[in-house]
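In full-length UniProt numbering, the protein residues as written are 1 to 252.
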């Protein structure tokens, strides 16, 4: 197609990628119907080629609507062996529109309100979708002005992949609650402090002669792996030492 365009319009300099993008835009926008596209194609093809392709022209007029309907009604599946077909062109254009929409949406969304992206399995279909989107990112990345914009482009691409493969994306955003803003390491420390304080309370209850079964079980677990017995004479001193040790750990 690029060679034919160069022969018909030698004064215009257009790259193959630019020409392919224009063709996909025309097909997606439905500017011309199928009959009009076929008429324009026949006018653009040189007369020397018309006789050779006359028998193939009629079947193409009948099959093209079926291919277009099939591409619209079937799910997005990237097939690298079906290069050059109308169905794949429409499929790639559909993916391109999803990518553009996701990038525009990401640019206008604050960082804290971005959705949480799920983990995606490394299946053949998912990898094929990623390989198809990678060349489309070149234009966006080359036009990126700073790291923030690059981050929006990459996040938008990841969001587009999730939408194409049908992965469930959380729309609640990242800042859904106060607990989500606390780092995981701090939450673990807080949980350990809470458990230590609960254990101190049980040890103090046992030292005050509270011998309920739940209290006794907790005290035995606290001294598990040691030679301390709950019936030994200096158990009160052992309890005090254990309580002081836990308090020091909490203070640290």
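In this text, a Cβ means the ideal position worked out from N, Cα and C, and glycines have one as well.
Treat the numbers as computed from the prediction; the structure is a model and nothing was measured.
query, result
"So which of 250, 207, 222 has the shortest CA-CA distance to residue 233?", "207"
"Reducing DSSP to helix, strand and coil, say where residue 162 ends up.", "helix"
"Whole-angstrom Cβ separation of residue 27 and residue 93, contact assumed at under 8 Å?", "7 Å"
"Please indicate yes or no: does the CB of residue 247 lie closer than 7 Å to some heavy atom of the ligand FAD?", "Within the structure as shown, the ligand FAD is missing, as the structure has no ligands at all."
"Assuming residue 250 and residue 196 make a contact with CB atoms under 8 Å, what is their CB distance in whole Å?", "5 Å"
"Using a Cβ-Cβ cutoff of less than 7 Å, which residues in the same chain neighbour residue 160 once the five nearest sequence positions on both sides are dropped?", "98, 99, 102, 133"
"Which of the three DSSP states, helix, strand or coil, is assigned to residue 116?", "strand"
"Are residue 114 and residue 165 close, meaning C-beta to C-beta below 8 Å?", "no"
"Compare the beta carbon distance of residue 203 and residue 239 with 8 Å and say whether it is the shorter of the two.", "yes"
"Nearest-angstrom Cα distance between residue 66 and residue 187?", "Residue placement at residue 66 is flagged as unreliable, the pLDDT there being 46, under the threshold of 50; the coordinate-derived value follows with that caveat. Looking at the two C-alpha atoms, the distance is approximately 58 Å."
"For residue 143, which residues of its own chain have a beta-carbon under 6 Å away from its beta-carbon, when the five flanking residues on both sides are left out?", "none"
"Any idea if residue 111 is buried or exposed, counting beta-carbon neighbours within 10 angstroms, 16 or more meaning buried?", "exposed"
"Do you know whose CA, among 129, 145, 139, 184, lies nearest residue 158's CA?", "129"
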